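Asker: Note that the working numbering has the sequence shown beginning at 358, numbered continuously upward.
Just dropping this structure here.
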Amino acid sequence: MNNSQSIPNEAYKEWNPNLWPPFTQIASSSPPQRAIAGDGAHLILDDGSRLIDAISSWWVTLHGHANQTIGNAIASQASQLEQVIFADFTHPEAERLARRLSNKTGLERLFFSDNGSTAVEVALKIACQWWHNKGEPRHQLIAFEGAYHGDTFGAMAVGERNLFNAPFEPMLFPVNRVPWPSTWWGDEELQMREKVSLERLEKLLEIPTAAVILEPLVQGAGGMSMVRPEFIKEVENRVRQADALLIADEVLTGFGRCGSLFAFQRAGILPDLIALSKGLTGGFLPMGVTMAHENIFAAFVGENPSLTFWHGHSFTANPLGCAAANASLDLLEENPQSFENFESRHLPHLKRLAKHPKVKKPRLTGTIAAFDIKVEGSDGYLNLAGRQLKTQVMKSGVFLRPLGNVIYLLPPLCLNDAQLEQCYAAIRKGLENI
Ligand SMILES: *Cc1c(COP(=O)(O)O)cnc(C)c1O
């Protein structure tokens, strides 16, 4: 790579002169479109055209854009109490949210932060300090190959080391890694891969381990890589035998995305710590939470100040975020079929698509359907096939954001049958033109 190479001026021209877009190399991307409104599953652009948001705007939009219930809850909270310092005060929406999420997850304590990365950072810090507070410090962390846990330093450290975090590699703390035995329809070597993975985990767990962190059922940014619930259960068994903590990063998989309210429930496990964000507020406001078991919390209580979890964010438990989250939970409770039935709605479409000669590794978990485009050369994030398909499906009014040659649908729960058909039809048509 030639680091001194300057980007040709041309690349800048069509871009906003003041914005620095996320996860984007502007020299090789087309400038963003301008969205001015949202309406359920649709984004509405400044030229009046509509696009189905088939990836829930980076996996956050849960019930649909501009949902009235959530919008109203935020508006009414904003005219009541917009923010209060959460170290000296609590407020009704935070208490209600904590009570509800405790009941739903079985983990009694809720710690607020601002996004998915911070929810993961908090989980990692709590896990390490828990061992410290108990007087048996442990520092080994175990994560899975291909994992993505966010972009702050701790979250980067437990994530897969790759192009995205290469500049920081020497500064990331060491983490041991276990292969992720992802599977798909027609996979024949799964048992072998699961065995290799569990053996590696057992080996690593021979050293005292603070925590194992995983994305239950689906690794998102790692390519919508899905594992069997039974595998997650086997991981939990090994973690329990080794007396380590289990952290579930449900930032993506939580709130119905995997067909159950939380993915850990479908896998039949109970983690010690759970990180949640993305769908938490229905996708309306940035907020993260880390759920912790009471026995974890208990080790932080005592006269000695060093037992304290000295961590907090300015906007901890922002009342607007809490009001949005409570409204979103209301909607999930009123209509659990919206996520429970999504898998069976995807099924006939994905079965049809699976027969396409350019489609490989079709896979489905809850609301998330994915496949890889068969490509010449190497797979991976920088592969261009997905980008070509993205351009094609846009012509049919559908917005996708493939991960390299991995194509996936992760739509808002409000997507109706006709819109779902439109997504699959757009993909089928797009595949003919790449
Ligand atoms: C998106 C994501 C994160 C990071 O969340 P941000 O809100 O983007 O910081 C962490 N873990 C998983 C599994 C994610 O998908």
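Even glycine gets a Cβ: it sits at the ideal position worked out from N, Cα and C.
All values derive from a computational prediction rather than experimental measurement.
#1: What do you get for residue 404, buried or exposed, if any count of 16 or more other CB atoms within 10 angstroms of its CB means buried?
#2: Is the Cβ-Cβ distance between residue 569 and residue 499 less than 9 Å?
#3: Since I believe residue 703 is in contact with residue 688 (beta carbons under 8 Å), could you give me their beta-carbon distance rounded to a whole number of angstroms?
#4: Does the separation of the CB atoms of residue 447 and residue 640 fall below 9 Å?
#5: Between the alpha carbons of residue 382 and residue 734, how many angstroms are there, rounded?
#6: Let me confirm a value: residue 693 is counted as buried when at least 16 other C-beta atoms fall within 10 Å, else exposed. Which label applies?
#7: Count the other CB atoms within 10 Å of the CB of residue 378; is the residue buried (16 or more) or exposed (fewer)?
#8: Does the beta-carbon of residue 474, which I'm using as the reference point, lie nearer than 8 Å to any heavy atom of ligand 1?
#9: Please return the same chain residues whose Cβ sits closer than 6 Å to the Cβ of residue 370, not counting the five positions on each side in sequence.
#10: With DSSP run on the structure shown, which of helix, strand or coil describes residue 708?
#11: Let me know if residue 629 comes out buried or exposed under the rule of 16 or more other beta-carbons within 10 Å of its beta-carbon.
#12: By the DSSP assignment, the beta strand (DSSP E) with residue 470 in it spans what residues?
#13: Determine the closest residue to residue 668 out of 395, 475, 652, with distance taken between C-alpha atoms.
#14: Consult DSSP for residue 375 and reduce its assignment to one of helix, strand or coil.
#15: Between residue 477 and chain D, is the shortest Cβ-Cβ distance under 9 Å, so that the two count as touching?
#16: Quick check on this structure: which residue in 589, 583, 495 has the alpha carbon closest to the alpha carbon of residue 564?
#17: Should residue 609 be listed as close to ligand 1, given that the test is whether its C-beta is under 8 Å from any heavy atom?
#18: Can you pull the DSSP bridge partners for residue 717?
#19: Which of helix, strand or coil does DSSP assign to residue 641?
#20: Using CA atoms only, rank isn't needed, just tell me which of 423, 772, 769, 784 is closest to residue 763.
#21: Where do the ends of the beta strand (DSSP E) carrying residue 382 lie?
#22: Is residue 411 helix, strand or coil when you go by DSSP?
#23: Going by DSSP in three states, residue 606 sits in which element: helix, strand or coil?
#24: Spell out the partners DSSP gives residue 553 in its beta bridges.
#25: If I measure Cβ to Cβ from residue 654 and keep anything under 6 Å in the same chain, skipping five residues before and after, which residues do I get?
#26: Quick one: is residue 437 buried, meaning 16 or more other Cβ sit within 10 Å of its Cβ, or exposed?
Answerer: Let me spell this out:
#1: Within the sequence shown, residue 404 is the residue found at index 47, counting from 1. Burial call: exposed.
#2: As a working mapping, residue 569 is identified with position 212 in the sequence shown. As a working mapping, residue 499 is identified with position 142 in the sequence shown. Yes; because the gap between Cβ atoms is below 9 Å, this pair is in contact.
#3: Reading the sequence shown from its first residue, position 331 is the one you call residue 688. Reading the sequence shown from its first residue, position 346 is the one you call residue 703. About 21 Å; that fails the 8 Å criterion.
#4: Along the sequence shown, read from residue 1 onward, the residue named residue 447 stands at position 90. Along the sequence shown, read from residue 1 onward, the residue named residue 640 stands at position 283. It is not a contact, given that the beta carbons lie outside the stated cut-off.
#5: Reading the sequence shown from its first residue, position 25 is the one you call residue 382. Reading the sequence shown from its first residue, position 377 is the one you call residue 734. Looking at the two C-alpha atoms, the distance is approximately 22 Å.
#6: Translated into positions along the sequence shown, residue 693 becomes position 336. Counting Cβ neighbours within 10 Å, residue 693 comes out exposed, since fewer than 16 surround it.
#7: Taking the sequence shown and counting its residues from 1, the one referred to as residue 378 is at position 21. Around the C-beta of residue 378, fewer than 16 other C-beta atoms lie within 10 Å, and the residue is accordingly described as exposed.
#8: In the sequence shown, residue 474 corresponds to position 117, counting from 1. Within the cutoff, so yes.
#9: Walking along the sequence shown from the start, residue 370 turns up at place 13. Here the set comprises nothing.
#10: On the sequence shown, position 351 is the one that residue 708 refers to. In this structure, residue 708 counts as helix in the three-state DSSP scheme.
#11: What you label residue 629 is simply residue 272 of the sequence shown in a count that begins at 1. Classification for residue 629: buried.
#12: In the sequence shown, counting from the first residue as 1, residue 470 sits at position 113. 466-470 is the extent of the beta strand (DSSP E) around residue 470.
#13: As a first step, residue 668 is located in the sequence shown; it is residue number 311 there, counting from the start. The candidate whose alpha carbon is nearest that of residue 668 is 475.
#14: Reading the sequence shown from its first residue, position 18 is the one you call residue 375. Residue 375 falls in the coil class under three-state DSSP.
#15: The chain inventory of the structure shown lacks chain D, comprising one protein chain alone.
#16: Working through the sequence shown from its first residue, we reach residue 564 at position 207. Minimum Cα-Cα distance from residue 564 among the listed residues 589, 583, 495 corresponds to 495.
#17: As a position in the sequence shown, residue 609 is number 252, starting the count at 1. Yes, the beta carbon of residue 609 sits closer than 8 Å to at least one heavy atom of ligand 1.
#18: As a position in the sequence shown, residue 717 is number 360, starting the count at 1. According to DSSP, residue 717 bridges with 729.
#19: The residue given as residue 641 occupies position 284 in the sequence shown. Here residue 641 sits in coil by DSSP.
#20: The residue you call residue 763 lines up with position 406 of the sequence shown. Of 423, 772, 769, 784, the smallest CA-CA separation from residue 763 is found for 784.
#21: Taking the sequence shown and counting its residues from 1, the one referred to as residue 382 is at position 25. That residue, residue 382, is in no beta strand (DSSP E); it is neither H nor E in DSSP.
#22: Within the sequence shown, the letter at position 54 stands for residue 411. In this structure, residue 411 counts as coil in the three-state DSSP scheme.
#23: In the sequence shown, residue 606 corresponds to position 249, counting from 1. Collapsing the DSSP output to three states places residue 606 in a strand.
#24: The sequence position of residue 553 within the sequence shown is 196, counting from 1. Answer by DSSP bridge pairing: none, since residue 553 is not bridged.
#25: Your numbering for residue 654 matches position 297 in the sequence shown. Excluding residues up to 5 positions away in sequence, 466 lie with their Cβ nearer than 6 Å to the Cβ of residue 654 in the same chain.
#26: In the sequence shown, counting from the first residue as 1, residue 437 sits at position 80. Taking every protein chain shown into account, the CB of residue 437 has fewer than 16 other CB atoms within 10 angstroms, so this residue is exposed.
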